[in-house]
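What follows is one structure encoded as structure tokens, with my remarks underneath.
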Amino acid sequence: MAVSTNSIIHFTSELDNLLGILTEGFKVKYCLERLESHRRFLHMAVPMISFCDIPFSTFQNHISAYGSYGIGLSKDWAGYHGINPVLYLSKGSDINKLIFEFIETGLKKKTKADLNSMAFIKKNDCLCEKL
Numbered sequence: 295m296a297v298s299t300n301s302i303i304h305f306t307s308e309l310d311n312l313l314g315i316l317t318e319g320f321k322v323k324y325c326l327e328r329l330e331s332h333r334r335f336l337h338m339a340v341p342m343i344s345f346c347d348i349p350f351s352t353f354q355n356h357i358s359a360y361g362s363y364g365i366g367l368s369k370d371w372a373g374y375h376g377i378n379p380v381l382y383l384s385k386g387s388d389i390n391k392l393i394f395e396f397i398e399t400g401l402k403k404k405t406k407a408d409l410n411s412m413a414f415i416k417k418n419d420c421l422c423e424k425l
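Mind the numbering: the sequence shown is residues 295 to 425 in the numbering used here, read in order.
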């Protein structure tokens, strides 16, 4: 079984959303995220458009959570345009801890550049709440 596909896919739950993307392009949405590390929590609204590169054999669970309509883009095209699939974080993982510290540092410095990476990162165990 392949670990990922040759494409990145954006899923949506409504046909009207899909048609809107085709006519007007992708729109950034803010998602409420809660990051946890060492019993500390950060809550933030993160601007994002989520793309995944999960194997086709695992689509059913993803479709149940994010919707049955999707647009696929080749990874070559996406890479050329600066688009990456989302990075899913597992609670307690080393990368989760590292990113948590990175974000805390960015918040203390109040620099936008340090926080932009959050647009590419999602927690593995929850859906975001769209604003």
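For each residue, glycine too, the CB sits at the ideal point set by N, CA and C.
Could you tell me if residue i is buried or exposed, where buried requires 16 or more neighbouring beta carbons within 10 angstroms of its beta carbon?
i    : result
H304 : buried
F320 : exposed
V340 : buried
E327 : buried
K403 : exposed
I389 : exposed
Tell me whether residue i sits in a helix, a strand or coil according to DSSP, three-state version.
i    : result
S351 : helix
G364 : strand
E395 : helix
Return the residue from the list the options that minimises the CA-CA distance to residue i.
i    : options                : result
E395 : R333, G364, P341, I377 : R333
L309 : M342, T352, G361, E318 : G361
For residue i, list the residues DSSP reports as bridge partners.
i    : result
R333 : According to DSSP, R333 bridges with nothing at all.
F305 : G364
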